[in-house]
Each structure stands twice: as structure tokens, then as C-alpha cells.
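Colleague: Before anything else, here's the structure in question.
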Amino acid sequence: MATPCSNQENVRQSLVGLDAVDAFKLAWEIGNKPMPTVMSEMGWTESHARRVFSPERYFPTFEDLPRFCSVVGNTIIIQWLQVQAMYYGIAPKHVDVDCAELVKRMGELFGEMSDVGQEASAAIQDGKLEPKELRRIIRELNDVVDRSVALIGDLRVLERSMKEQGGSHG
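Residues in the sequence shown are numbered from 42 upward in steps of one, following the working numbering.
Dropping the structure here:
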């Protein structure tokens, strides 16, 4: 199990280097709603959504941000904005992801998921859930989310780099 502080720092560092479009895509992907549903709930036209999710320098209104967070069911965009302010002017630190790094990171992620399963299994042994058991499960789930967001951030950087270079990455 990784320490919460190191995972939080990894997430912050991963969000630092994301473009706004990558942060919106990440929030949408984590939310797991089809784009037409998000567009409908936001009251966005297809053209408007395309601008939000394209590399052009476009950002929804401030009034849209809380609604977007509610629609996608997470606060990635708010976290991204906070990190941009906290780390303004500081070069982002990303881990280069090649095949070996991806396998390693996926193994770590599955290890974190196993920790969640172990905590949940222990919690249900007596047939009831206690607050301290829920806190342990939540802590382990946060570790999964933190590692996932960090990996997604690094993969987004790789994806952008590959698009610019027009190739693959070993």
C-alpha cells in the first residue's frame, strides 16, 4: 500500500502537465457517461462540446464548471484548476511510460485493487459494516483512484507526444 501523501503528490504532478482538454476528457472518462448524455445534461450543442473537448484554447464558463462536475460525477476539473494555480510556473514532472513501465504501473494498480478487496472482505466477515471499516475501504479506494489518475495523466502526455511525433513508443 502506498502512502496517501505520495499518491496525492503523484496525482497533483500528473494534473500539472495536463492541458485543459485532457482534464475535461479525464473527468468525462472517469464519469463513464456517454457524451450525448453529458451534452444533454449540460445543455451543450454538439459544436459547443466539440470545442470543450478539442485542443483549441476554449474553456466553458465558470457557471458551467460546477454543473459539469455534477454531471460527470467528479471534481477532476476543479482539482486541475487548483493544481494549475498551485504549480504555476513550475515544470511538470511526468513519468515516461513505455511497455515495461505500463506493465509495472498496472501491477501496482492491481495490487491496490487487491488491497481494497482484502479490506472489504475483512469488513463483511461479521455481516455488518462499521465506520472504521468503511474508512479503511475508502482509504484503499482513494489509493486506487490516485494511482489511476497519475497513470492517466502520464498516458495523456505520452498520447500527446505520439500525436506530435506521429509514431509509437517502445
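All C-beta atoms in this analysis are idealised placements derived from N, C-alpha and C, irrespective of residue type, glycine included.
Only a predicted model underlies this, so the values are computations on that prediction, with no experimental measurement involved.
1. With residue 183 as the anchor, note down where its alpha helix (DSSP H) starts and where it stops.
2. Within a Cβ cutoff of 7 Å, which residues of the same chain sit near residue 82, ignoring the five residues on either side of it in sequence?
3. Can you give me the Cβ contacts of residue 63 inside the same chain, cut-off strictly under 6 Å, excluding the 5 residues immediately before and after it?
4. Within 8 Å, do at least three Cβ pairs link the stretch 99–116 to the stretch 64–82?
5. Of all the options 148, 206, 163, 78, which has the alpha carbon lying nearest to the alpha carbon of residue 212?
6. Using 8 Å for Cβ pairs, my map puts residue 160 next to residue 181. What's the rounded Cβ distance?
7. By alpha-carbon positions, which one of 79, 174, 179, 138 ends up nearest to residue 153?
8. In three-state DSSP terms, what is residue 45?
9. My parser needs the alpha helix (DSSP H) runs of 4 or more residues fully inside the stretch 119–172; what are they?
10. Would the beta-carbon of residue 199 fall within 8 Å of that of residue 124?
11. Please list the terminal residues of the continuous alpha helix (DSSP H) segment that includes residue 85.
12. Count the other CB atoms within 10 Å of the CB of residue 175; is the residue buried (16 or more) or exposed (fewer)?
Modeller: According to the data block:
1. 172–206
2. 112
3. The answer, listed in chain order, is 197.
4. Taking a cut-off of 8 Å on C-beta distances, the stretch 64–82 touches the stretch 99–116, as three or more cross pairs fall below it.
5. There is simply no residue 212 to check, as the chain begins at 42 and stops at 211 in what is shown.
6. Between residue 181 and residue 160 the Cβ distance is about 5 Å, and since that is below 8 Å, they are a contact.
7. 179
8. Low local confidence applies: a pLDDT of 44 at residue 45 is under 50, so the model's placement there is unreliable, with the coordinate-based value given in what follows. Of the three classes helix, strand and coil, the one that applies to residue 45 here is helix, per DSSP.
9. 140–164
10. In this structure, residue 199 lies away from residue 124, with their beta-carbon atoms at least 8 Å apart.
11. Looking at the DSSP string, residue 85 is not in any alpha helix (DSSP H), and its letter there is neither H nor E.
12. exposed
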